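> Quick one: structure below, then a few questions.
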Amino acid sequence: MEIRREKILNVGNEIEPLTYVKVVRKDGLEVSGLVLPLARSDDTIVIKLDNGYNIGIKKENIERIEVLGKYEKKVSHRESKRVERRPGFPLVKIIGTGGTIASKIDYETGAVKPYLSANELIEDIPEIKEIADLETEQLLDILSENMKPKNWERIALEVHKELLRDDVKGIIVAHGTDTMSYTAAAISFAIQELNKPVVFVGAQRSSDRPSSDAAFNLLAATLVAARAPFAEVVITMHGETGDTYAVVHRATRTRKMHSTRRDAFKSICSKPIALVWPWIYELKVIEKDLRKRSNSIPRLLNKFDERAFLVKMFPGMKSDIFDIIKERGYKGIIIEGTGMGHISEDLLSTIRNLIKDGIFVGMTTQCIYGTTNLNVYATGRKLLEVGVTPLGDMLSETALVKLMWVLGNFGDDIEVVKRKMLEPIAGEISSRRTLDLF
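According to the UniProt record's numbering, the sequence shown holds residues 1 to 438 in order.
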């Protein structure tokens, strides 16, 4: 069927959304794809191309449109199939929580949304079966921006349960990338004395896109969970933009450094733990100071108190920000200071009063690399005098998560909080830095 240009002006009425079409522009360019209900004006149609990208075309530039067919909605979740155990293959448990790694395009809205179960991911990546037998569970089905500390508690509870199983070799948590470092850090604190690896993995691009990194990352994560000699909470993602190798980062030392690149995650002020070449099933450990696999029984301390606040220092910051935080009942504040951990001297009296009232104030740096040191400049020494606790090279996000964990499990006595915040728990803070970390 062909629709001539005189009908294109009312294409919204002539061609229903979710129709496959071929569009021929006046300049001769031809594109084929699915009409999406995404246009914000009456003069444009939006086409989902076969490569996964969208293109908007002005109606005035269209020569003709050919209707090719109608989109039929697929069932969101295929029937789950339990993987049969095979002699000699380790068992890896995959816990799905949502996010892009478990997402596809919803062609009725054009949006990326949670769509795949953890079991579907395995069925789409058969190479994983060369590494391990897999058992899957869809614990949550949310995008990572909706993740909350109560969800961390639930994830920690489920991970801890699986760690107690003798037949499980390692655990994977499939998670959205935007807040994955927060959740991974939370699990690092919530489960003590790990006995096997817990691997967080995500994807920057949804599973239905040709440039998706979901299969590569999940394959790498499975290799780590099944074969790594260490017992750490880690994040495993692309090491560069191509499909060459993946990098294993310690969870408490990891930051998402790019909004869209596939190699977005980096180890900050710390070396990566390992490198993985998924397609040849190779794993190389490059960090020596690691917790080893063992027969220990992990301890669960999975309470998180949300009365913690993260503040970024900026020029002109007013003291009333801290007054509001106090009025709202918060019991701890992490300040992301400038340089080695500084704030305006105008705020010193306010900070002093907060600490006198029993509110913990910890200092990190908003610099990507480096550490806090309040002994170098006069402002830093004044912060020490009023009772601010410098947190070394701990990442701001990790410090916030740790503060929630300390408040949740050990109470809000300020001296106890200070002591626990400075106690190394999961590699989140170091006594000194080397110069080869960049």
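A virtual CB, placed ideally from N, CA and C, is assigned to each residue, including glycine.
Here the structure is a predicted model, which means the values were calculated and not measured.
Span of the beta strand (DSSP E) holding Gly332?
Where Gly332 is concerned, the enclosing beta strand (DSSP E) stretches over 332-337.
> What is the rounded straight-line gap between the Cα of Glu16 and the Cα of Val35?
The alpha-carbon atoms of Glu16 and Val35 are separated by roughly 8 Å.
> DSSP state of Pro17, grouped into three classes?
In the structure shown, Pro17 sits in coil (DSSP, three-state: anything other than H, G, I, E or B).
> Using CA atoms only, rank isn't needed, just tell me which of Tyr245, His160, Lys266, Ile128 is closest to Arg255.
The option with the nearest alpha carbon to Arg255 is Lys266.
> Among Lys356, Asp305, Arg381, which residue has its Cα nearest to the Cα of Glu153?
The shortest Cα separation from Glu153 among Lys356, Asp305, Arg381 belongs to Asp305.
> Going by DSSP in three states, Lys22 sits in which element: helix, strand or coil?
Strand at Lys22.
> Within the same chain, show all residues whose beta-carbon is closer than 6 Å to that of Val285, passing over the 5 residues directly before and after it, in chain order.
The residues are Ala274.
> Kindly provide the ranges of any alpha helix (DSSP H) runs that are 4 or more residues long and lie completely inside the UniProt domain "Asparaginase/glutaminase C-terminal" (310-419), ordered along the chain.
Listed in chain order, the complete alpha helix (DSSP H) runs (minimum 4 residues) inside the UniProt domain "Asparaginase/glutaminase C-terminal" (310-419) are 320-327, 348-356, 378-386, 396-410.
> Judging by CA-CA distance, which residue of Met363, Lys93, Leu134 is the nearest neighbour of Lys161?
Nearest of Met363, Lys93, Leu134 to Lys161, Cα basis: Lys93.
> Nearest-angstrom Cα distance between Lys331 and Leu407?
The straight-line gap from Cα to Cα measures roughly 8 Å.
> Name the DSSP bridge partner or partners of Met237?
For Met237, which the question treats as bridged, DSSP gives the partners Val247.
> Would residue 439 be called buried (16 or more neighbouring beta carbons within 10 Å of its own) or exposed?
The shown model of the chain, from 1 to 438, leaves out residue 439, and the question about it has no answer.
> Below 8 Å between beta carbons: does that hold for Pro272 and Leu219?
Cβ atoms of Pro272 and Leu219: not closer than 8 Å.
> When DSSP labels each residue in this structure, what does Asn54 get in the three-state scheme?
DSSP places Asn54 in strand when its eight states are reduced to three.
> Given 8 Å as the limit, is there contact between the segment 389-399 and the segment 413-428, that is, 3 or more CB pairs closer than that?
These segments touch.
> Comparing C-alpha positions only, which one of Lys303, Gln192, Ile172 sits nearest to Asn151?
The shortest Cα separation from Asn151 among Lys303, Gln192, Ile172 belongs to Lys303.
> Fully enclosed by the segment 165-204, which alpha helix (DSSP H) runs are 4 residues long or longer?
Fully enclosed alpha helix (DSSP H) runs of 4 or longer: 180-190.
> Check whether the segment 215-235 and the segment 197-206 touch, using three or more Cβ-Cβ pairs below 8 Å as the test.
The segment 215-235, when compared against the segment 197-206, does touch it at the 8 Å Cβ threshold.
> With a Cβ-Cβ cutoff of 8 Å, do Leu310 and Glu336 count as a contact?
Cβ atoms of Leu310 and Glu336: closer than 8 Å.
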